[in-house]
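Here's the structure we're looking at; comments come further down.
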Amino acid sequence: MTVTQHQHLPPLSIGEQDIEYVENFTYLGSNISNTGDMEKDVQTRIGKAAGVFQRLRNIWLSKSITMATKLRLYMSVVTPTATYACETWTKTASITNKFSIDGASDPS
Numbered sequence: 036m037t038v039t040q041h042q043h044l045p046p047l048s049i050g051e052q053d054i055e056y057v058e059n060f061t062y063l064g065s066n067i068s069n070t071g072d073m074e075k076d077v078q079t080r081i082g083k084a085a086g087v088f089q090r091l092r093n094i095w096l097s098k099s100i101t102m103a104t105k106l107r108l109y110m111s112v113v114t115p116t117a118t119y120a121c122e123t124w125t126k127t128a129s130i131t132n133k134f135s136i137d138g139a140s141d142p143s
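Throughout, our numbering is defined as the position within the sequence shown, counted from one, plus 35.
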């Protein structure tokens with residue numbers, strides 16, 4: 036697959052195989068868009084992190100697990116799921132707001 040912003044490009048093929056032009060695709064778990072927009076990838080990452088958080092619900096509600104252990108688990112499992120490949124994201128106000136916590140300052 037090839038991603039491009041141009042509308043009228045000549046057909047692309049390798050041998051006898053035609054390569055389809057697409058608007059977006061998933062590569063190594065990240066959504067790649069022909070416009071360079073990262074919003075869909077950010078939304079996907081947030082959704083995956085929410086799913087991981089929900090699957091660990093019994094741990095979060097457990098009174099026998101210390102808050103320190105819960106925090107370490109959150110920081111080692113949920114946070115990396117949400118921020119996977121964030122190095123490739125263009126930093127925008129919209130993306131920053133999605134990861135901000137009320138009262139917290141931007142660490143960068």
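Glycine included, each C-beta is placed from N, C-alpha and C at the ideal position. Computed from a predicted structure; not experimentally measured.
| Check | Outcome |
| --- | --- |
| Span separating the alpha-carbon of N132 from that of K98 | 32 Å |
| For Y119, the three-state DSSP class (helix, strand or coil) | coil |
| Through-space distance from G50 to L114, alpha-carbon basis | Correcting the residue type first, residue 114 is Thr in the shown sequence and not Leu. Whole-angstrom Cα-Cα distance: 43 Å. |
| Burial state of P142, where buried means 16 or more other Cβ atoms lie within 10 Å | Unreliable placement is indicated for P142, whose pLDDT of 46 sits below 50; the coordinate value is still reported in the next sentence. Per the 10 Å Cβ criterion, exposed. |
| For I130 and L44, the rounded distance between their alpha carbons | 32 Å |
| Boundaries of the beta strand (DSSP E) in which D53 is found, first to last residue | Q52 to I54 |
| Where the beta strand (DSSP E) through K79 begins and ends | Checking the sequence shown, residue 79 turns out to be Thr, not Lys. It is not in any beta strand (DSSP E) - T79 instead sits in the alpha helix (DSSP H) that spans E74 to R90. |
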